[in-house]
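As structure tokens, the structure follows; a few thoughts come after it.
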Amino acid sequence: SQTIHQWPATLVQPVGSPLSLECTVEGTSNPNLYWYRQAAGRGLQLLFYSVGIGQISSEVPQNLSASRPQDRQFILSSKKLLLSDSGFYLCAWSHFGLSLSYNEQFFGPGTRLTVL
Amino acid sequence: RKEVEQDPGPFNVPEGATVAFNCTYSNSASQSFFWYRQDCRKEPKLLMSVYSSGNEDGRFTAQLNRASQYISLLIRDSKLSDSATYLCVVNTLTGGGNKLTFGTGTQLKVEL
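Chains as they are written, first to last, in the working numbering: chain A, 122 to 237; chain B, 75 to 186.
So, in structure tokens, the structure goes:
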């Protein structure tokens, strides 16, 4: 069965500090990978998605970046955090393919980031 | 108009009640639909997928009306453990691939 891991679970960082959040998936090959942010009281916002190693698509302009150095590893980074970067960051995966069922996305446990 | 709209609630219902949530979407090209459940401070978990007119799984029934661009989730015989936020999610094929758009969720509180 497939599992998705994220770490750290909780993070408190000062404004201007760097950020690195990691996500790994087990039990599947060539997954589509996603980074979302959920701000308090708001819906999930897609930040980045990747359909393969080194392939990153950005959905919104921001001071965050993403990388996919390995097939099942997805990293979210920032060089300098802003107060507005606070939120609940969720990594998700889906199967690669055209079947409608492959649009189902499965989420990791998330990282709760507070920028002070 | 928001891409996916849900009544935020909260819906406070007694244990054993039947409750229904509604969701409307704006993009008529949307292909598939999902309901996710999210517990407080946890990740969303897939509850049901809807690819045709509807889907049923135990106490949960989802229905899709493409003409009205409307999806519903019905929960029968509510349990205390059903208390959560229910997210309506719409999948649309765009130039950049499949895109999931999430509603902001409907909060359900099941009480004794």
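From the three backbone atoms N, C-alpha and C, an ideal C-beta is built for every residue, glycine too.
All values reported here derive from a predicted model rather than from experimental measurement.
Quick check: the Cα distance between residue i and residue j, rounded to an integer number of angstroms?
| i | j | result |
| --- | --- | --- |
| Ser186(A) | Tyr110(B) | 27 Å |
| Arg133(B) | Asp151(B) | 7 Å |
| Cys144(A) | Val124(B) | 28 Å |
| Gly83(B) | Pro118(B) | 18 Å |
| Asp113(B) | Thr159(B) | 6 Å |
| Glu147(A) | Gln181(B) | 32 Å |
| Ser215(A) | Thr232(A) | 19 Å |
| Asn153(A) | Arg189(A) | 11 Å |
| Phe108(B) | Glu225(A) | 8 Å |
| Gln143(B) | Leu154(B) | 31 Å |
| Val164(B) | Ile196(A) | 26 Å |
Going by alpha carbons, who is nearest to residue i out of the options?
| i | options | result |
| --- | --- | --- |
| Ser127(B) | Asn139(B), Phe108(B), Tyr144(B), Gly177(B) | Asn139(B) |
| Asn80(B) | Arg163(A), Pro135(A), Thr131(A), Leu142(A) | It should be noted that the sequence gives Gln, not Asn, for residue 80(B). That would be Arg163(A), whose Cα lies nearest to the Cα of Gln80(B). |
| Gly179(B) | Leu204(A), Gln191(A), Gln159(A) | Gln159(A) |
| Val172(A) | Gln166(A), His126(A), Asp192(A) | Asp192(A) |
| Trp156(A) | Ile125(A), Ser138(A), Thr235(A) | Ile125(A) |
| Leu142(A) | Ser179(A), Val133(A), Gln127(A) | Gln127(A) |
| Lys201(A) | Ile177(A), Ser122(A), Gln123(A), Ser138(A) | Ser138(A) |
| Ser122(A) | Leu168(A), Ser150(A), Ala130(A) | Ser150(A) |
| Val87(B) | Ile149(B), Asn172(B), Phe176(B), Gly177(B) | Ile149(B) |
Is residue i near the ligand SAM, going by C-beta to nearest heavy atom under 7 Å?
| i | result |
| --- | --- |
| Trp128(A) | With respect to small molecules bound, the structure shown includes none, and the ligand SAM cannot be examined in it. |
Under 9 Å, CB to CB, which of the residues in the stretch 129–161 of chain B have a partner in chain A?
Against chain A - using a Cβ distance shorter than 9 Å - the residues of the stretch 129–161 of chain B are Leu161.
Tell me, please, whether the stretch 202–209 of chain A touches the stretch 93–106 of chain B by the rule of three or more beta-carbon pairs shorter than 8 Å.
Under the 8 Å Cβ criterion, the stretch 202–209 of chain A does not count as touching the stretch 93–106 of chain B, having fewer than three qualifying pairs.
Near-chain B residues of the stretch 123–155 of chain A - C-beta to any C-beta below 7 Å:
Against chain B - using a Cβ distance shorter than 7 Å - the stretch 123–155 of chain A contributes no residues.
Counting only runs that start and end within the stretch 102–131 of chain B, where is the beta strand (DSSP E) found for 3 or more residues in a row?
106–112, 118–124, 128–131
Taking only runs that begin and end inside the stretch 133–167 of chain B, name each unbroken beta strand (DSSP E) of 3 or more residues, in chain order.
134–139, 144–149
Within 9 Å of chain B by C-beta, residues of the stretch 164–182 of chain A in sequence order:
Gly164, Leu165, Gln166, Leu167, Tyr170, Val172, Ser178, Glu180
Interfacial residues, the stretch 95–129 of chain B to chain A, with Cβ spacing under 8 Å:
Gln105, Ser106, Phe108, Arg115, Lys116, Glu117, Pro118, Lys119, Leu120, Ser123, Tyr125
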